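Here the structure is laid out as structure tokens; the discussion comes afterwards.
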Amino acid sequence: MMGHPYPGLWNFKHHPWLKDMHDSTDERRIGQKSAQVGFTEWALNTTFHFLDIKRMDVLYVLPNTRPDATDFSSGRFDKALELSKHLRQLFSDVQNVGHKRAGSTNLYIRGSNSPSGLKSIPVGLLILDELDEILQENIPLATERLSGQLERNILMLSTPTIPDFGINFYFNTSSQDVFTFPCPCCSKYIELRFPDSLKIIGEDETDPRMAETHLVCHECGGVLPHEDKIKYLNKGIWKSAFHGRTDRGFYLNQLYSMNLHPSTMAKAYFQAQKDPAAEQQYYNSKGGVPHIVAGARLTQEMVNDCIGQYRKIEDKRGGLNTLGVDVGRNLHCEVDNWELDGRAGNDVNSFARCKVLSHFDVKDFEQLDKVMSDYNISFCVIDAQPETRKALEFANRFYGRVKLCRYPMGVNGRNISPSPEEEHIVNVNRTSWLDLALGRFRNKTITIPMDTTLEYKNHITAQVRIPKKDNNGNPVTRYETPGNRPDHYGHARVYAEVALPFAVGLGVAGDIRS
């Protein structure tokens, strides 16, 4: 049941690296991959094996309920049933997109954006597909579904994005297997290294010589013909970089693909030289490796360039002051003083200059009351989660001067959208406000105290801006924090920024003169 482009019964002829992956029995298996190398087939076959042979329930998690989970249900699951009479007879109920019954066993297909859909489902196998796009904070919630089982199995697979984040974070702690094979020229066991094994011929993507692009052995320099891959790759074996590690990790790049000629990789390389989103895509989807585009992250030098000739101020009762609070184990606070520009027009933030009076953390919400008083805070914006009740109590103590902030989907640009359901709640676009708040360190419209702590600088520089394109080809970005590094002051910086329009009596980014 291979389907297009290899019809007939399932075999490993065109994906020889998948055989040992299917046979692996390690409790946690991790696949860091490029696009189009068959890893999703590994996950799907494992799913059917657990349902049919092991008689164990499976939870298959994708980034979003719509369109990811629904598209998977119709495009991958339903297609498999069409190709196999045995699978059609196995499943007694397939009408529900998120729940398929196979006799007494169940397949749950869920989006990570719905925490309620990840609760109260005891399963023996958890599959996290496209893990880098999954809401990272919900991964522990999904893995908890295995806690009551005698046998626990987890498959993680994804193209990576940035170093030490998502799939790369887990792969780095695994065996880090690479697929090796005997070079047809020197007989040494080698791997296809990205991008070193790609010999690009031609000057640009329109050069007719691009068709001559080929693969080479990194040991002897010999040519590895694309048309002979089916011969030399079928002699391949996985080799571990780290033996004895609990997790089994598999890495594969698109140089191994028997469908895609090396010239397609060369074209992607030239496109990557002109477009940051194409550059990110080239390393992630072609090379299967994490990558940070130049300029995507603030540096310590950028932050240091904004240090002013003053020390942190313990209290300041004059001027226009805002407070941003990020809620975690402690409450991280940033107090800002603002210098407004008469040219503000309809966007007060873009023309204002920020002076960070102080940054600090407190343990209790009640301590924020003194901060509001000491600095005569005009307006405060505080993280709405995870302590929503305590944040609401604080907002009610300073009624009309505090808003709780969320980063939901569907808010565009720097619009500030009040929630119709809950009092004191505002919704903002995470990427747009991070661009503004952190961008001040690039354009030097912010000043920080000379005794600014290293912790503050580390938090501010923690997040990485990842460029990509949406389904329509439009450039979009998102911020992620690699290695679970703390970034609380970065979000406190955002909330202090969101508070400014409220402080001048707008509630939205509007004309301060009106």
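Converting from the sequence shown to the numbering used here requires adding 146 to each position, the first position being numbered 1. Glycine included, C-beta positions come from ideal geometry on N, C-alpha and C. Predicted model, so just to flag it, every value in this text is computed and none were measured.
Item to complete: Helix, strand or coil for Lys-385, going by three-state DSSP, please let me know.
Response: One-based indexing of the sequence shown puts residue 385 at position 239. If DSSP states are grouped into helix, strand and coil, Lys-385 belongs with the strands.
Worksheet entry | Span separating the alpha-carbon of Ala-181 from that of Pro-151 | Looking up residue 181 in the sequence shown gives position 35. Looking up residue 151 in the sequence shown gives position 5. Taking the straight line joining both Cα atoms gives about 16 angstroms.
Item to complete: Using the Cα positions of Asn-318 and Gly-629, report the straight-line distance between them to the nearest angstrom.
Response: Locating residue 318 in the sequence shown gives position 172, where the first residue counts as 1. Locating residue 629 in the sequence shown gives position 483, where the first residue counts as 1. If you draw a straight line from the Cα of Asn-318 to the Cα of Gly-629, it is about 11 angstroms long.
Item to complete: Would you list the residues sitting across from Thr-192 in a DSSP beta bridge?
Response: Stepping through the sequence shown from its first residue, residue 192 is reached at position 46. Thr-192 pairs with nothing; no bridge assigned.
Worksheet item: Tell me which same chain residues have a C-beta within less than 6 angstroms of the C-beta of Gly-263, skipping the five on either side of it?
Response: Start at 1 with the first residue of the sequence shown, and residue 263 comes out as number 117. Arg-256, listed in sequence order.
Practice prompt. Could you tell me the distance, in whole angstroms, from the CA atom of Leu-344 to the CA atom of Cys-332?
Written response: Here the question's residue 344 lines up with position 198 in the sequence shown. Here the question's residue 332 lines up with position 186 in the sequence shown. Distance between the alpha carbons of Leu-344 and Cys-332: 18 angstroms.
Worksheet item: Exposed or buried, Arg-475, counting other C-beta atoms within 10 Å across all chains shown (16 or more means buried)?
Response: Here the question's residue 475 lines up with position 329 in the sequence shown. That one is exposed.
Worksheet item: Which residue from Ile-376, Val-650 and Phe-185 puts its Cα closest to that of Asp-275?
Response: For the purposes of this step, residue 275 is taken as the residue at position 129 of the sequence shown. If we check each option's Cα against that of Asp-275, Phe-185 comes out closest.
Fill in: Residue(s) in a DSSP beta bridge with Trp-484
For this step, residue 484 is matched to residue 338 along the sequence shown. For Trp-484, the pairing in a beta bridge is given by DSSP as Leu-466 and Cys-500.
Worksheet item: In three-state DSSP terms, what is Thr-251?
Response: For the purposes of this step, residue 251 is identified with residue 105 of the sequence shown, where counting begins at 1. If DSSP states are grouped into helix, strand and coil, Thr-251 belongs with the strands.
Worksheet item: How many whole angstroms separate the CB atoms of Trp-188 and His-168, which I take to be in contact at a CB cut-off of 8 angstroms?
Response: Reading the sequence shown from its first residue, position 42 is the one you call residue 188. Reading the sequence shown from its first residue, position 22 is the one you call residue 168. At roughly 6 angstroms, the Cβ-Cβ gap stays under 8 angstroms, so Trp-188 and His-168 are in contact.
Practice prompt. Find the nearest neighbour of Lys-615 within the set His-478, Asn-573 and Ala-423, judged by alpha-carbon distance.
Written response: The residue you call residue 615 lines up with position 469 of the sequence shown. Of the residues His-478, Asn-573 and Ala-423, the one whose Cα lies closest to the Cα of Lys-615 is Ala-423.
Fill in: Minimum C-alpha distance to Glu-591 - residue among Glu-485, Tyr-456 and Thr-251
Looking up residue 591 in the sequence shown gives position 445. The residue you asked about is not Glu; residue 591 is Thr in the sequence shown. The shortest C-alpha separation from Thr-591 is found at Glu-485.
Worksheet entry | Extent of the continuous alpha helix (DSSP H) to which Asp-581 belongs | For the purposes of this step, residue 581 is identified with residue 435 of the sequence shown, where counting begins at 1. Bounds of the alpha helix (DSSP H) holding Asp-581 are 576-589.
Discussion item. Residues in the same chain with beta-carbon distance under 8 angstroms from Arg-560, minus the five sequence neighbours each way, listed in chain order, please.
Written reply: Walking along the sequence shown from the start, residue 560 turns up at place 414. Asp-493, Asn-495, Val-574, Asn-575, Ser-578, Trp-579, Leu-582 and Ala-655.
Item to complete: Check whether the Cβ atoms of Thr-171 and Met-202 sit closer than 8 angstroms, and answer yes or no.
Response: Counting from one through the sequence shown, the residue named residue 171 turns up at place 25. Counting from one through the sequence shown, the residue named residue 202 turns up at place 56. Their beta carbons are not under 8 angstroms apart, which means Thr-171 does not touch Met-202 by this criterion.
Worksheet item: According to the neighbour-count rule (16 or more other Cβ atoms, all chains shown, within 10 Å of its Cβ), is His-232 buried or exposed?
Response: Along the sequence shown, one-based indexing puts residue 232 at 86. By the 10 Å Cβ count, His-232 comes out exposed.
Worksheet item: Taking DSSP as the reference, what is the three-state secondary structure of Ile-347?
Response: Position 201 of the sequence shown, counted from the start, is the residue given in the question as residue 347. In the three-state DSSP reduction, Ile-347 falls in the coil class, being neither helix nor strand.
Item to complete: Please confirm whether Gln-178 and Tyr-397 have their CB atoms less than 8 angstroms apart.
Response: For this step, residue 178 is matched to residue 32 along the sequence shown. For this step, residue 397 is matched to residue 251 along the sequence shown. It is a contact, given that the beta carbons lie within the stated cut-off.
Discussion item. What residue range does the alpha helix (DSSP H) around Gly-636 cover?
Written reply: Reading the sequence shown from its first residue, position 490 is the one you call residue 636. Per DSSP, Gly-636 is one residue of the alpha helix (DSSP H) stretching across 634-649.
Fill in: Short CB-CB distance (under 8 angstroms) between Val-574 and chain D
Considering every chain present, this structure includes no chain D. It has just one protein chain.
Worksheet item: Going by DSSP, which residues form a beta bridge with Ser-563?
Response: For the purposes of this step, residue 563 is taken as residue 417 along the sequence shown, with counting starting at 1. Partner(s): Asn-573.
Discussion item. On the DSSP bridge list, what partners appear for Asn-299?
Written reply: By one-based count along the sequence shown, residue 299 stands at place 153. Beta-bridge pairing links Asn-299 to Leu-271.
Practice prompt. Quick one: using the 10 Å Cβ neighbour count with 16 as the cut-off for buried, is Ser-660 buried or exposed?
Written response: For the purposes of this step, residue 660 is taken as residue 514 along the sequence shown, with counting starting at 1. For Ser-660, the predicted model reports a pLDDT of 35, less than 50, meaning its position is unreliable and no value from the coordinates is stated.
Item to complete: Would you check if the region 460-469 and the region 428-445 touch, i.e. whether three or more CB-CB distances between them fall below 8 angstroms?
Response: No, because fewer than three Cβ pairs between the region 428-445 and the region 460-469 fall closer than 8 angstroms, the two stretches do not touch.
Worksheet item: Buried or exposed: which applies to Thr-468, given that a residue is buried once 16 or more other Cβ atoms fall within 10 Å of its Cβ?
Response: Position 322 of the sequence shown, counted from the start, is the residue given in the question as residue 468. Label assigned to Thr-468: buried.
Worksheet item: Should the region 309-316 be called in touch with the region 277-285, which here means at least 3 C-beta pairs below 8 angstroms?
Response: Taking a contact to require three or more Cβ pairs closer than 8 angstroms, the region 309-316 and the region 277-285 qualify as touching.
Worksheet item: Considering only the beta carbon of each residue, do Val-502 and Asp-482 sit closer than 8 angstroms?
Response: Here residue 502 is taken as the residue at index 356 of the sequence shown, counted from 1. Here residue 482 is taken as the residue at index 336 of the sequence shown, counted from 1. In this structure, Asp-482 lies closer than 8 angstroms to Val-502 by Cβ.
Worksheet item: Under the three-state reduction of DSSP, which class applies to Val-471: helix, strand or coil?
Response: Counting from one through the sequence shown, the residue named residue 471 turns up at place 325. In the structure shown, Val-471 sits in a strand (DSSP, three-state: E or B).
Worksheet item: Do the CB positions of Gly-480 and His-505 come within less than 8 angstroms of each other?
Response: Indexing the sequence shown from 1 puts residue 480 at position 334. Indexing the sequence shown from 1 puts residue 505 at position 359. Gly is not the amino acid found at residue 480; the sequence shown has Glu there. Yes. Within cutoff.
Worksheet item: Taking the continuous alpha helix (DSSP H) assigned at Pro-408, which residues delimit it?
Response: In the sequence shown, residue 408 corresponds to position 262, counting from 1. Counting along the chain, the alpha helix (DSSP H) containing Pro-408 begins and ends at 408-418.
Worksheet item: For the candidate residues Gly-367, Ile-346 and Asp-350, whose alpha-carbon lies nearest to that of His-360?
Response: Stepping through the sequence shown from its first residue, residue 360 is reached at position 214. Nearest C-alpha to His-360: Ile-346.
Discussion item. Let me make sure I understand the geometry here. Which of His-634, Asp-507, His-195 and Thr-216 has the alpha-carbon closest to that of Val-204?
Written reply: Position 58 of the sequence shown holds residue 204. Of His-634, Asp-507, His-195 and Thr-216, the residue nearest in Cα terms is His-195.
Worksheet item: Asp-198 by DSSP, collapsed to three states: which one?
Response: By 1-based counting over the sequence shown, the position of residue 198 is 52. Asp-198 carries a helical assignment under DSSP once its states are collapsed to helix, strand and coil.
Worksheet item: Going by DSSP, what residues sit across from Cys-479 in a beta bridge?
Response: Residue mapping note: residue 479 aligns to position 333 of the sequence shown, counting from 1. Looking at the DSSP assignment, Cys-479 forms a beta bridge with Val-471 and Phe-506.
Worksheet item: If we ignore side chains and look at the alpha-carbon of each, how far apart do Glu-569 and Val-557 end up?
Response: On the sequence shown, position 423 is the one that residue 569 refers to. On the sequence shown, position 411 is the one that residue 557 refers to. Their backbone Cα atoms lie some 18 angstroms apart in a straight line.
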